[in-house]
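Protein sequences appear in the order of chains B and G.
FYI, UniProt numbering numbers position 154 of the first sequence as 154, with every residue one higher than the one before it.
FYI, UniProt numbering numbers position 94 of the second sequence as 94, with every residue one higher than the one before it.
Protein chains: 2
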Amino acid sequence: MLKYQQIAMDIEKYIEEHQLQQGDKLPVLQTLMTQFNVSKSTITKSLDLLEKKGIVFQVRGSGIFVRRNKRKGYISLLSNQGFKESLEDFNVTSTLLALEVRKPTPEAAQNLNMPSDGDVYYVKRIRYIDGKTLCIEESFYNKSIITYLNKEIVSDSIFDYIRDGLGLKRGFSDLYLYAGMLNEEEAEYLGLFTGAPKLCVETIFHLTNGQPFDFSKVTYHYEQSQFFIQANSHLFEQETT
Amino acid sequence: MLKYQQIAMDIEKYIEEHQLQQGDKLPVLQTLMTQFNVSKSTITKSLDLLEKKGIVFQVRGSGIFVRRNKRKGYISLLSNQGFKESLEDFNVTSTLLALEVRKPTPEAAQNLNMPSDGDVYYVKRIRYIDGKTLCIEESFYNKSIITYLNKEIVSDSIFDYIRDGLGLKRGFSDLYLYAGMLNEEEAEYLGLFTGAPKLCVETIFHLTNGQPFDFSKVTYHYEQSQFFIQANSHLFEQETT
DNA sequence: GAGTGGTCTAGACCACAAA
DNA sequence: TTGTGGTCTAGACCACTCA
Chain B
1 MLKYQQIAMD IEKYIEEHQL QQGDKLPVLQ TLMTQFNVSK STITKSLDLL EKKGIVFQVR
61 GSGIFVRRNK RKGYISLLSN QGFKESLEDF NVTSTLLALE VRKPTPEAAQ NLNMPSDGDV
121 YYVKRIRYID GKTLCIEESF YNKSIITYLN KEIVSDSIFD YIRDGLGLKR GFSDLYLYAG
181 MLNEEEAEYL GLFTGAPKLC VETIFHLTNG QPFDFSKVTY HYEQSQFFIQ ANSHLFEQET
241 T
Chain G
1 MLKYQQIAMD IEKYIEEHQL QQGDKLPVLQ TLMTQFNVSK STITKSLDLL EKKGIVFQVR
61 GSGIFVRRNK RKGYISLLSN QGFKESLEDF NVTSTLLALE VRKPTPEAAQ NLNMPSDGDV
121 YYVKRIRYID GKTLCIEESF YNKSIITYLN KEIVSDSIFD YIRDGLGLKR GFSDLYLYAG
181 MLNEEEAEYL GLFTGAPKLC VETIFHLTNG QPFDFSKVTY HYEQSQFFIQ ANSHLFEQET
241 T
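Structure, rendered in structure tokens:
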């Protein structure tokens, strides 16, 4: 583990354990430098990482402060795409409806940037939160990359398997989000009426080299799902040339 | 303007002008260093910024590549909260329904972290995209920070005014997102039926010092609105200690 | 003006990808 | 093995906040 990652984790753990609240001040850079015995750049890098994760914010000339959003029960759209870790306080379970090798839909083929006569693993699941239906999830894995899947892997953590079993590394992902009305089949699964609102999230997961390996489409029960996103300032600074 | 920001802009412009596509390779670090005549760290910082903005991705041992999402007509939930710049290709207009000083709702007071007997500027707008209704927007500005607003400012760009007119700087924001059903009033505004799906986004905007100054609640027409988010890998690396 | 975070440099060394 | 990006350092200097 790299120094700056380790330090970031230590600081994050410190914030957790001491129950620091939004606005609480952390030690100054100089202190952190000597405390962790590293150079200024390394500390800065740790703090930048924590800032990116929405855990602190830095104010020039003033200090480093804890950032913490108050609302509970919201699903983070950024930090974890693999559930499990998100919604820690809730009991999330799932049922496997399908696991098979097939040809991709045209949509899946396009999003996975693969030929439509190639093979994909198709996985369909329902997820429950505290016993209530949370969402329907359909995933397409490019079989030329994800060469093997079985029930055990799917019911455990696919992403862990991809990293540890296949030795592949996840890179960036693109998320697309929209609302609509449930069709008959979806309504049935979610225990709602046809025409009720739905919230859909499509995600394309890439490897670190930019190759897409997983296209997933998740349909949420609108009453069980709320999302949050933490946006950082750096993205829209220098907007006027 | 800082060196690394300028360089980031130059590279971004280069990608735009040469219509580079996802996966296209940029010059190597060494080349960029000499080309811009700066140190390695500075170039790295520029590229990190571009990576955060979802414009490039870097692959150790291999190179720097263009990242570009293909779908058109999606609203970015991260880069711009001020419309105007997002959805460039579309004609976005708006109508002002209300602009007044009042007491905040309990919800607004809490989100703005202000006393409920303080004053806020309340702004209600409808936005149109290519003539079709896009959303209803209600905003609450803490009047002790945003001391003055008028019709000109509101119909122009509030955020520009906050920066240039008041000399304040935007920091991070928290976004909350959920789906639901339109009530009668909302349905009327959006030209849909009561009970039709809606997509709501609540945003709390903060100054760089962490103080919230704007709480906004936007209700979208589900047929006109689609969103996208670009997620980066760094956020979920080191997940297992 | 003192304190604090941010930028930038030059250079050593490390880790990974691809041939 | 070579090329390429990533980490880390020590230190100079800059820019902002706050009393």
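Even glycine gets a Cβ: it sits at the ideal position worked out from N, Cα and C.
#1: Does any C-beta atom of chain B lie closer than 8 Å to the C-beta of G210 of chain G?
#2: Starting from P106 of chain G, trace the beta strand (DSSP E) in both directions and tell me its first and last residue.
#3: Determine the direct distance from the alpha carbon of M9 of chain G to that of K3 of chain G, and round the result to whole angstroms.
#4: State the DSSP-derived secondary structure class of F193 of chain B, mapped to helix, strand or coil.
#5: May I ask which residues mark the beginning and end of the alpha helix (DSSP H) holding D10 of chain G?
#6: Put Y161 of chain G into one of helix, strand or coil per three-state DSSP.
#7: Could you give the distance in angstroms between the alpha-carbon of K143 of chain G and the alpha-carbon of N232 of chain B?
#8: Taking the straight line between their C-alpha atoms, what separation do you get for F215 of chain G and T105 of chain G?
#9: Which residues in chain B have a C-beta closer than 7 Å to the C-beta of G23 of chain G? List them in chain order.
#10: Could you check whether Y122 of chain B and A98 of chain B sit closer than 8 Å to each other, using their CB atoms as the reference points?
#11: Pull up the DSSP beta-bridge partners for N142 of chain G, would you.
#12: Within the same chain, show all residues whose beta-carbon is closer than 7 Å to that of L29 of chain B, passing over the 5 residues directly before and after it, in chain order.
#13: Measure from the C-beta of I229 of chain B to each C-beta in chain G and report whether the shortest distance is under 8 Å.
#14: Could you confirm whether any beta carbon from chain G is found closer than 8 Å to the beta carbon of A109 of chain B?
#15: To the nearest angstrom, report how far apart Q5 of chain B and M181 of chain G are at their CA atoms.
#16: So, is L49 of chain G buried or exposed, given that buried needs 16 or more other C-beta atoms within 10 angstroms?
#17: Excluding the 5 residues preceding and the 5 following D24 of chain B in the sequence, name in chain order all residues of the same chain whose CB lies nearer than 6 Å to its CB.
#18: Does the count of Cβ pairs from the region 143-163 of chain G and the region 203-221 of chain B closer than 8 Å reach three?
#19: Jot down the residue ranges of each uninterrupted alpha helix (DSSP H) in the region 29-102 of chain G, minimum 4 residues, whole runs only, in chain order.
#20: What three-state label does DSSP hand F213 of chain G in the structure shown?
#21: In the DSSP assignment, find the unbroken alpha helix (DSSP H) run with S155 of chain G in it and report its ends.
#22: Can a CB atom of chain G be found closer than 8 Å to the CB of S139 of chain B?
#23: Starting from G171 of chain G, find everything on chain B with Cβ-Cβ shorter than 9 Å and list it in chain order.
#24: Work out the CA separation of T93 of chain B and T240 of chain G for me, nearest whole Å.
#25: Verify whether the separation of the beta carbon atoms of V154 of chain B and L96 of chain B is less than 8 Å.
#26: Please list the partners that Q30 of chain G has in chain B, where partner means a Cβ-to-Cβ separation under 7 Å.
#27: What residues of chain G sit near G180 of chain B, judged by a beta carbon separation below 8 Å?
#28: Excluding the 5 residues preceding and the 5 following V101 of chain B in the sequence, name in chain order all residues of the same chain whose CB lies nearer than 8 Å to its CB.
#29: Using C-beta distances below 8 Å, list every residue in its chain close to V59 of chain G, excluding the 5 sequence neighbours before and after it, in chain order.
#30: Quick check: what's the CA-CA separation for G191 of chain G versus K169 of chain B?
#31: Less than 8 Å separating the beta-carbons of A108 of chain G and A179 of chain B?
#32: So, is Y148 of chain G buried or exposed, given that buried needs 16 or more other C-beta atoms within 10 angstroms?
#33: Provide the residue span of the beta strand (DSSP E) that contains L23 of chain G, from first to last.
#34: Based on the DSSP secondary-structure assignment, which residues constitute the bridge partners of residue 251 of chain G?
#35: Run the CB neighbour count on Y14 of chain B, radius 10 Å, all protein chains shown included, and call it buried at 16 or more, exposed below.
#36: Output yes or no for whether 8 Å exceeds the beta carbon distance between Q224 of chain B and L134 of chain B.
Taking the definition as stated:
#1: Output row for G210 of chain G: interface = yes.
#2: Run containing P106 of chain G: none in the beta strand (DSSP E); it sits in the alpha helix (DSSP H), 106-111.
#3: 10 Å
#4: coil
#5: 3-17
#6: helix
#7: Cα to Cα, the separation comes out at about 24 Å.
#8: The alpha-carbon of F215 of chain G is positioned some 11 Å away from that of T105 of chain G.
#9: G210
#10: Y122 of chain B sits close to A98 of chain B, with the two beta carbons spaced by under 8 Å.
#11: G:V120
#12: K40, I43
#13: yes
#14: no
#15: 43 Å
#16: With 16 or more other Cβ atoms within 10 Å, it is buried.
#17: Answer for D24 of chain B: V66, listed in chain order.
#18: no
#19: 29-36, 40-52
#20: Note: F213 of chain G maps to strand in three-state DSSP.
#21: 151-155
#22: No, its Cβ sits nowhere closer than 8 Å to a Cβ of chain G.
#23: Ordered by position in chain B, the residues that pass the 9 Å Cβ test against G171 of chain G are F57, V59, N232, S233.
#24: Bear in mind that a pLDDT of 45 at T240 of chain G, under 50, signals an unreliable position, so the number given afterwards is only what the model happens to contain. Distance between the alpha carbons of T240 of chain G and T93 of chain B is about 21 Å.
#25: The answer is yes: Cβ separation under 8 Å.
#26: Residues of chain B passing the Cβ test: none, with the nearest at roughly 21 Å.
#27: P197, Y222
#28: D119, V120, Y121, Y122, K143.
#29: F65
#30: 47 Å
#31: Going by C-beta atoms, A108 of chain G is not nearer than 8 Å to A179 of chain B.
#32: exposed
#33: Correcting the residue identity first, residue 23 of chain G is Gly in this sequence and not Leu. Per DSSP, G23 of chain G belongs to no beta strand (DSSP E) and is neither H nor E.
#34: For residue 251 of chain G there is no data in the structure shown, the boundaries of chain G being 1 and 241.
#35: exposed
#36: yes
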